[in-house]
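Residues in the sequence shown are numbered consecutively from 4, following our numbering. See structure below.
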Amino acid sequence: MFKESDNSHHPDVMVSSTYTDLTAHREAVCDSLLRLGFFPVGMEYDSAKAGKDVIASSLEMVARAQAYIGIIGHRYGAVPRDAERNPAELSITEIEYQAAVKRGIPVYIFVMGDDHAVVREAVEPVEAYQVKLAALKAEVRLRSISPAFSSVEQLRSLALQSIFELKAQIGGQAEPAPTRFQNRRALAEVTAPHLLATPNFISGHEFVGRRDELTALDEWATGNDSLLVIEAIGGAGKSTLAWQWLNERATNTRPDLAGLLWYSFYEGGADMAAFAANAFTYVTGQRLSNFRGRKTAELAGFLVASLRERPFLLVLDGLERVLVAYHRLDASQTRDDEVASGKDDRACIKPADGDLLRQLVGANPSKILITSRLLPTSLLNKSGQLLPGARHRLLGGLHPDDALMMMRNVGVRGDVKAIKRYLAVNFDNHPQIVGIVGGLVKDYIRDPGNFDRWEEDPLAGAALHLSKLDLVQRQTHILAAALNGLDRGVRQVLSRIAALGSAVGFETVEALNPFLLPQPQSSIWLDSSLKDSTSHLALLQAESRDAPTERLEEINREIDETRTTIAKLEAERATSLEALAEYRRAEEVALPRLISALRDLEQRGLVQWDRQKNTYDLHPVVRGYAFDVLDQPERVDICDLIADHFRRKPADRYSDTKTLADVQQSMSIFRALVQAGRFDQAMRFYRGDFANALSYSIEAHHEILALLKPLFSNGFGRPPVGLRGPFEESYLLNNAAVALIELGRLSEARDALTIKLRLNLEDMDWQNLRICLTNLGETLRDDNRLAQSHAAFKFALELAEVLNNKEDLARGQWYLMATYRITGQFKRARAAYDAFRRLPIPSNRAIYRSGDAEEELCWLDFYEGRVTDDQLDAAEVVARAGSNRTALRSLIRLRGELALDRGSPNVAITAFESAIEMGQAVGLPVASFEARLALAKARFGQWQAAGDICERLVELDRPPHIELAPAYLELGDHDRAREHALAGYSEAWADGPPYSRWRELQQSRAVLKLLFETEPQLPAFDPRAVEPLPYEAEIRQVIADRKKTK
4 MFKESDNSHH
14 PDVMVSSTYT
24 DLTAHREAVC
34 DSLLRLGFFP
44 VGMEYDSAKA
54 GKDVIASSLE
64 MVARAQAYIG
74 IIGHRYGAVP
84 RDAERNPAEL
94 SITEIEYQAA
104 VKRGIPVYIF
114 VMGDDHAVVR
124 EAVEPVEAYQ
134 VKLAALKAEV
144 RLRSISPAFS
154 SVEQLRSLAL
164 QSIFELKAQI
174 GGQAEPAPTR
184 FQNRRALAEV
194 TAPHLLATPN
204 FISGHEFVGR
214 RDELTALDEW
224 ATGNDSLLVI
234 EAIGGAGKST
244 LAWQWLNERA
254 TNTRPDLAGL
264 LWYSFYEGGA
274 DMAAFAANAF
284 TYVTGQRLSN
294 FRGRKTAELA
304 GFLVASLRER
314 PFLLVLDGLE
324 RVLVAYHRLD
334 ASQTRDDEVA
344 SGKDDRACIK
354 PADGDLLRQL
364 VGANPSKILI
374 TSRLLPTSLL
384 NKSGQLLPGA
394 RHRLLGGLHP
404 DDALMMMRNV
414 GVRGDVKAIK
424 RYLAVNFDNH
434 PQIVGIVGGL
444 VKDYIRDPGN
454 FDRWEEDPLA
464 GAALHLSKLD
474 LVQRQTHILA
484 AALNGLDRGV
494 RQVLSRIAAL
504 GSAVGFETVE
514 ALNPFLLPQP
524 QSSIWLDSSL
534 KDSTSHLALL
544 QAESRDAPTE
554 RLEEINREID
564 ETRTTIAKLE
574 AERATSLEAL
584 AEYRRAEEVA
594 LPRLISALRD
604 LEQRGLVQWD
614 RQKNTYDLHP
624 VVRGYAFDVL
634 DQPERVDICD
644 LIADHFRRKP
654 ADRYSDTKTL
664 ADVQQSMSIF
674 RALVQAGRFD
684 QAMRFYRGDF
694 ANALSYSIEA
704 HHEILALLKP
714 LFSNGFGRPP
724 VGLRGPFEES
734 YLLNNAAVAL
744 IELGRLSEAR
754 DALTIKLRLN
764 LEDMDWQNLR
774 ICLTNLGETL
784 RDDNRLAQSH
794 AAFKFALELA
804 EVLNNKEDLA
814 RGQWYLMATY
824 RITGQFKRAR
834 AAYDAFRRLP
844 IPSNRAIYRS
854 GDAEEELCWL
864 DFYEGRVTDD
874 QLDAAEVVAR
884 AGSNRTALRS
894 LIRLRGELAL
904 DRGSPNVAIT
914 AFESAIEMGQ
924 AVGLPVASFE
934 ARLALAKARF
944 GQWQAAGDIC
954 ERLVELDRPP
964 HIELAPAYLE
974 LGDHDRAREH
984 ALAGYSEAWA
994 DGPPYSRWRE
1004 LQQSRAVLKL
1014 LFETEPQLPA
1024 FDPRAVEPLP
1034 YEAEIRQVIA
1044 DRKKTK
């Protein structure tokens, strides 16, 4: 039964026929319409509408349809008695047909042939109606082409061809699936208490059993713990279990629930920020459009506060996708045995996501149900124990009786004990594997459905050799058997969907149709050459009639050669025409064969079809295996097809890029090239505007590392693989290092830059050597190695001088200005700024962004006590105009610092919260910002909130000691303040003046003074203790040599 169309982007097509005798035929046509992006309109759901008779209902359906499909069998159909509206006593089917013809919409008629098998009840018994049926068939044959069909499958094939023509005829109005935005918008219109599913869940098999697990969920729902994590390997049925309980039992167990929300992280583009926006607008009844794009941190507090007011049930499905372990380009194709599961791997990629998870633990009276392949560390304390209010359940296999029922449901028969033993011993009754085994037995060619014979057959079940394999290996083994049982074309369809990485619309599946032959080359040039050769032969023959004897021999030789050429061209033309005919024959059946393959994969439980959105998806386990087993040539071919498909679409506009959604197409192309092993092509596509948009316009540093990771198969401390030379390797090493620096992964950044230094020196690439030194200086500065950092910046400046690159000189002075300001050498900082202003501002966005200099000058003036609000306003304008998020975030923090100094903690709170949101939105470390926020809140009287922030920050591996000390002092916790002030003092001291952090040292001293604590006696700066930079001797030599040749 189809639901009534409520989506204007799906054109309606009327499906008209008699009903009981043509149920399967109607289903075949409706199925074809849905797959090609149309919505079937018919009596299944419309004719029984209250207040309408059958004639009115039928005419209304025809009136709103954009096309009409009629199926005529061997019955005339019901004839409504109405002297006024149906004086000719026509059947409903004929009334609908005549109305469609009168409207002038496209009409397609299919007539059942005489050779179609029918039962007696499906033949018209009334003689008068037999006459009318014959007349109707004669009329439709006169009006239009009305192909005959002899089976349901033939009707399906004929209908597909006609629907494909209709799709072209109506100008592409039929979209294969709504866009993600349209889906989210439609879903957001669902209001509580009705279930909001983003998106609906589609199981690969029918739900059976799980009585104990359902009971446990009931018990949790009525208990005190607010959050439950169901953890299991892929394919264990955790999503299916959660969906079943949500839809069938949740409201019976908790009738007081104010609403139900399902959010899947398997959906492309899904993340915690989108979840928070969807959940908050659903819980509060507000419009999603008002909150789409808001940051996780911004929404978290509002969401949790709303959940505490009334009891809601939120289900977060597939949460592992936000964890470090799945932060990879091929996350959707990753198998369980390929995923690391250590503590760091189970952390959230973005700190704000972990914060939201921890807050959800305290969302009583609401309930939060999570399904995940891994238990997030955000839900554990330092001792590795679950936080109070959270539960964890490992999901095992099905009960043996339930596994048996699954087998029976697909038509498997055999000895009960043998079936139970086989499934339990070999697969621990893993639901997905049970479903696949059932499919294998059902399709067993020697005796379909006979388990006993299948198990003993050395070419079937006995060939699997499962006894020595673990569960994951057995899962892989049975998937291999399932895929090996597919026809080549069907398997190709599966592999191409697997390579796409997420749910896709039919348009994309169709574009990758393996049944469609490559289009042959045009024969126009052959026709032209043949025409020219024939004309030339005629001229030679005419010339030979009057040619002198001495010329005749040469002419005859040319005639023979031309005849040979003509014969060759005629043979080539015949081959070309045959290839074209073969292509056209294949084109006619390619679409029906694709649809047939998709239906076969659905029936086997390997592909999931969402009829409402007309998208196709795979379970992650199936996707991972189906892609992993591709041999390299086939993988290359498929990924090339995918890249070409997306390249034909309008290109992303990098200049307008604001979010990852703006570069999704570019990411798809890059991903396809990488998966094809075309690393060099991928690098060329990535380099330049795409890379700059990701790094600077979006600050998508996590995504950059995920994109580049396949090229760094040996880690970021080794050169990337598969590139043409050192320049390309150097470029990607630099991009990876910049992302690592921003994310605080400094040791990895240092390793990457060390390799880059060596490559640049060996390749004598002095420009990239200077860039590398600059980035190394940033890494060392962030790692508190201030003396080494200063040396790196000085070397970079010297190299720019000897290369006489004015823009690089300007950038070098900017870096020195920041270094001198941080270390309190203000006169030198001013001198560096003056030198910067005398040089041309760098035009390359990769080395300088608008607002950089203005932002640094504001900080310098702040350190010296002279910054103004007008100056900050002007700097922000420049930074915003240049989409310089880094400078903008820094300026917002500076506003917070200035507000604290001025005694305006409320203003400081707003500024720090904004800076935190900007950082958390892209997964950057923001602990120091949060500690300053805690201080502002404490000064504003929000002591509980300030204390909560501090208690969370001290749990970090690297707490922000410098910033925590004044916060704890303000809260009156002198012991904690002393502890962090002493630790912060040591951090700020760094290498010792002049290589200390001036402001941070002043802050630590102030806290210690108020606590009457003596400053630590730390060693003074010793130049001899500073380690040389990597390859420092070689760098010095390069500079010296360049000075000599300058």
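Virtual Cβ for every residue (Gly too), placed ideally from N, Cα, C.
Bounding residues of the beta strand (DSSP E) (the contiguous stretch that carries residue i)
i     : result
E234  : 230-234
V18   : 15-19
D620  : 618-620
L1013 : Per DSSP, L1013 belongs to no beta strand (DSSP E); it is in the alpha helix (DSSP H), 1001-1013.
D864  : Where D864 is concerned, there is no enclosing beta strand (DSSP E), although the alpha helix (DSSP H) it sits in stretches over 855-866.
Cβ neighbours of residue i in the same chain (closer than 8 angstroms, five flanking residues each side left out)
i    : result
D118 : S153
D683 : G725, L726, R727, E731
Residue i in three-state terms, based on DSSP
i    : result
F399 : In the sequence under discussion, the amino acid at residue 399 is Gly, which differs from the Phe named in the question. If DSSP states are grouped into helix, strand and coil, G399 belongs with coil.
N778 : helix
R416 : strand
T511 : helix
G212 : coil
A200 : strand
P969 : helix
F278 : helix
M115 : strand
G438 : helix
F688 : helix
V318 : strand
Residue i: first and last residue of the uninterrupted alpha helix (DSSP H) it sits in
i     : result
A795  : 789-806
L372  : That residue, L372, is in no alpha helix (DSSP H); its beta strand (DSSP E) goes 370-375.
S242  : 241-251
L743  : 729-745
G1059 : The first residue shown for the chain is 4 and the last is 1049, placing residue 1059 beyond what the model contains.
S160  : 155-172
C-beta contact flag for residue i and residue j at 8 angstroms
i    : j    : result
S35  : L169 : no
L967 : A991 : no
R596 : G492 : yes
L486 : R494 : yes
D766 : P723 : no
W265 : L198 : yes
R611 : D620 : As written in the sequence, residue 611 is Gln, which differs from the Arg given in the question. Against a cut-off of 8 angstroms, the Cβ pair of D620 and Q611 comes out as a contact.
G987 : I965 : yes
E458 : A501 : no
I74  : L25  : yes
Neighbourhood of residue i by C-beta, 7 angstroms cutoff - its chain only, sequence neighbours within 5 removed
i     : result
A694  : N738
E1030 : Q791
P83   : V57, I58, N89, I95
T565  : S536, H539, L540, L543
heavy atom of the ligand NAP below 7 angstroms from residue i C-beta
i    : result
L217 : Ligands in the displayed structure: none, and consequently the ligand NAP is not present.
6 angstroms CB neighbourhood of residue i in its chain, flanking five on each side removed
i    : result
D333 : Confidence at D333 is low in this model, with a pLDDT of 47, below 50, so the placement of that residue should be treated as unreliable; the coordinate-derived value is given next. Here the set comprises nothing.
D320 : S242, S267, T374
V307 : Q362, A366
Test: residue i CB closer than 8 angstroms to a CB of chain C
i    : result
L594 : In the structure shown, chain C cannot be found, because there is only a single protein chain.
Report yes or no: do three or more beta-carbon pairs, one from the segment 725-738 and one from the segment 680-691, lie closer than 8 angstroms?
-> Using a Cβ-Cβ distance cut-off of 8 angstroms, the segment 725-738 and the segment 680-691 are in contact, since at least three pairs of beta carbons, one from each stretch, lie closer than that value.
Between the segment 1005-1017 and the segment 837-847, do three or more beta carbon pairs fall short of 8 angstroms?
-> Taking a cut-off of 8 angstroms for Cβ pairs, the segment 1005-1017 and the segment 837-847 do not touch, as fewer than three such pairs fall below it.
Counting pairs of beta carbons, one from the segment 715-725 and one from the segment 864-878, are three or more of them closer than 8 angstroms?
-> Flag = no, the segment 715-725 and the segment 864-878 do not touch.
Quick one: any contact between the segment 426-436 and the segment 245-252, if contact means 3 or more CB pairs under 8 angstroms?
-> As far as the Cβ criterion goes, the segment 426-436 does not touch the segment 245-252, which means the pair count is below three.
Does the segment 924-944 touch the segment 349-368, meaning 3 or more C-beta pairs lie closer than 8 angstroms?
-> Of all C-beta pairs linking the segment 349-368 to the segment 924-944, three or more are shorter than 8 angstroms, placing the two stretches in contact.
Are there three or more Cβ pairs, one per stretch, closer than 8 angstroms when the segment 803-813 is compared with the segment 979-992?
-> Not touching, per the Cβ criterion.
Below 8 angstroms, can you find three or more Cβ-Cβ pairs linking the segment 571-586 to the segment 141-153?
-> Touching, no, given that fewer than three Cβ pairs across the two stretches are closer than 8 angstroms.
Contact between the segment 811-831 and the segment 768-780: three or more CB pairs below 8 angstroms?
-> Yes: the two stretches touch, three or more of their Cβ pairs being nearer than 8 angstroms.
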